[in-house]
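Here the structure comes first, spelled out in structure tokens, and everything after it is commentary.
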Amino acid sequence: MPALPYPVARVIDAALVGELTVIGPDERPITYPMVPLLWGDRIFLTSSVLDSTKIGHIKANPRVSFSISNPDAIGTFTSKVTVQCDARIADEDLHAGWERLLPNWTRKDPTTVGLLRARLGFPLIFERVLIELTPRRTWLWPDGRTDQAPQITMAAEVAR
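Okay, structure coming up:
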């Protein structure tokens, strides 16, 4: 199983938001802001079933990328990260399948607890699919300077 290099994992774990890029039906990239949640060697994202467009794009082409590039989203970190991934949609349990990630989610966004309390009033918001990202290649700019060459790691290199 591939693993993320430690400096990449630290940035993703710290990030409040990142950019998921998928390929649309016209073969153009489409980017969505998403909250990344690390779980083991994978990056997880959740999506409401109300927004099925991105899910359809991923099902049609599971090759995606995930980037952290906004300095406001990562606190004291200056690094920038891009991860090429294979995505898998887990939609078997829309009501509770994502709840195993709840501790990670509430750590990043404490307002999630309040939303959970209002769950009965907004049930469709909590019908969520998981988007599981398996890293294939990472690019890391440790000092955030994208005008310089990144550190590149292939999944096979990380797994050694």
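4 is the number of the first residue of the sequence shown in this note's numbering; add one for each residue after it. Don't be surprised by glycine CBs; every beta carbon is placed ideally from N, CA and C.
- Secondary structure of residue 72 (DSSP, three-state): coil.
- According to the DSSP assignment, residue 59 belongs to the alpha helix (DSSP H) that extends over 55–63.
- Annotated three-state conformation of residue 31 is coil, per DSSP.
- Pairing residue 141 with residue 11 gives a Cβ-Cβ distance under 7 Å.
- It is roughly 20 Å from the alpha-carbon of residue 27 to the alpha-carbon of residue 138.
- Here the alpha carbon of residue 134 sits roughly 6 Å from the alpha carbon of residue 90.
- For residue 10, no beta strand (DSSP E) run applies; the uninterrupted alpha helix (DSSP H) run containing it begins and ends at 9–17, by DSSP.
- Rounded to the nearest whole angstrom, the C-alpha separation of residue 71 and residue 17 is 10 Å.
- Straight through space, the alpha carbons of residue 112 and residue 147 are spaced by roughly 24 Å.
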